[in-house]
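First residue of the sequence shown? That's 1186 in our numbering, and the numbers climb one at a time after it. Glycine included, every Cβ here is placed at the ideal spot set by N, Cα and C. Single-structure report; data block below.
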Amino acid sequence: MNEILKIVKSKSVKTGNKSGITDVQLAQKAGYSLDTTHQKLNQLHQEAKVIVREGINRKLIFSI
């Protein structure tokens, strides 16, 4: 879970939190399956560490 949060925060810092990252990109960068990534994202969302917004094509994950 810490790995995913680090990736999301890294993207946030790089873009000024103006651009999110997709679940597929997160899974690839973290080396997890998509199911595992979703489980970890759900936990981070419940802990209010990330938010999810609807993008043009997919949902995007942002750091809080």
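Taking residue i as the reference, which of the options has the closest Cα?
i, options, result
"Asp1208", "Gly1201, Lys1225 and Lys1234", "Lys1225"
"Ala1233", "Asn1242, Ile1246 and Gln1210", "Ile1246"
Please report the Cβ distance between residue i and residue j, rounded to the nearest whole angstrom; I am assuming they are in contact, meaning their Cβ atoms lie under 8 Å.
i, j, result
"Val1235", "Val1193", "6 Å"
"Ile1189", "Leu1211", "6 Å"
"Ser1248", "Asn1187", "Their Cβ separation, rounded to whole angstroms, is 13 Å, which puts Ser1248 and Asn1187 out of contact at 8 Å."
"Lys1199", "Ile1206", "At roughly 10 Å, the Cβ-Cβ gap does not stay under 8 Å, so Lys1199 and Ile1206 are not in contact."
So who's on the other strand from residue i, going by DSSP bridges?
i, result
"Leu1245", "Arg1238"
Segments assigned beta strand (DSSP E), at least 3 residues, entirely inside the segment 1200-1235 | none
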